[in-house]
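Novice: The following block contains the structure, expressed as structure tokens.
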Amino acid sequence: MQSPPAGGTAYDFKRWARSVDGVADALVLPMRRGAGTVDVVITASTGTPSAEVIANCKEFILGECSVIADVWVYAPVVRTVDSSALVELADGYKLADVQAAAQVAYNTLLGALKPREMLKRSQIEAMLNNLAGVTDRSVTAPAGNVKASDDAGLIGWIRPGAIALGLME
Numbered sequence: 001m002q003s004p005p006a007g008g009t010a011y012d013f014k015r016w017a018r019s020v021d022g023v024a025d026a027l028v029l030p031m032r033r034g035a036g037t038v039d040v041v042i043t044a045s046t047g048t049p050s051a052e053v054i055a056n057c058k059e060f061i062l063g064e065c066s067v068i069a070d071v072w073v074y075a076p077v078v079r080t081v082d083s084s085a086l087v088e089l090a091d092g093y094k095l096a097d098v099q100a101a102a103q104v105a106y107n108t109l110l111g112a113l114k115p116r117e118m119l120k121r122s123q124i125e126a127m128l129n130n131l132a133g134v135t136d137r138s139v140t141a142p143a144g145n146v147k148a149s150d151d152a153g154l155i156g157w158i159r160p161g162a163i164a165l166g167l168m169e
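In full-length UniProt numbering, the protein residues as written are 1 to 169.
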């Protein structure tokens with residue numbers, strides 16, 4: 001066993017949080033607010049967890065924890081990111097079909113990001129390059145990489161908005 005239960009390690013907090021119904025993943029931040037504190041940022045498979053899931057998670061963790069800690073359990077702050085790009089299409093491809101595929105791929109790309117993870121513009125470029133029918137692309141937004149939060153005090157989580165495609169001239 002690589003990470004055996006130890007009564008209060010970061011791995012324990014993550015395991016405890018993930019064992020609660022409705023919790024998909026957890027980011028554990030020991031000592032984020034100082035000595036003796038543990039912040040647990042949780043997500044749900046559908047996105048942001050409900051207040052009930054957050055309360056259940058905190059209650060479960062406090063029941064399992066053998067160390068005395070000031071535990072906060074909360075959801076990350078969602079940052080929805082829209083994107084736009086111009087594309088050149090191969091013969092036989094229609095913009096509407098590529099647009100639909102691009103939205104699915106964009107949802108998958110951003111949907112895989114975890115709280116605190118940055119969206120790199122190059123990830124959007126690579127996603128567009130991999131779409132059937134796209135022979136060239138120019139991402140027009142975002143202008144650069146996107147941080148999960150511009151506020152260091154917040155735990156941000158990038159979620160997909162819309163991606164709009166236009167044709168290159």
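Cβ coordinates follow ideal geometry from the N, Cα and C atoms, glycine included.
#1: Is the beta carbon of A69 closer than 7 Å to that of R116?
#2: Going by the beta-carbon positions, is the gap between V146 and V81 smaller than 7 Å?
#3: Is E117 close to chain C, meaning its C-beta is less than 7 Å from at least one C-beta of that chain?
#4: Does the beta carbon of K147 fall short of 6 Å from some heavy atom of the ligand SAM?
#5: Just the C-alpha distance for A164 and L128, rounded to the nearest angstrom, thanks.
#6: Considering only DSSP beta bridges, list what V81 is partnered with.
#7: Go to T108, then tell me how far its alpha helix (DSSP H) extends in each direction, as first and last residue.
#8: For W157, tell me which candidate among V87, G111, A102, E125 has the shortest Cα-Cα distance.
#9: Helix, strand or coil: how does DSSP classify V53 here?
#10: In or out: R137 buried (at least 16 other Cβ within 10 Å) or exposed?
Specialist: With the given structure in hand:
#1: no
#2: If you check the CB distance, V146 and V81 come in under 7 Å.
#3: Protein chains in the displayed structure number just one, and chain C is not present.
#4: The ligand content of the structure shown is nil, which means the ligand SAM is not present either.
#5: 12 Å
#6: P160
#7: 95-111
#8: G111
#9: helix
#10: buried
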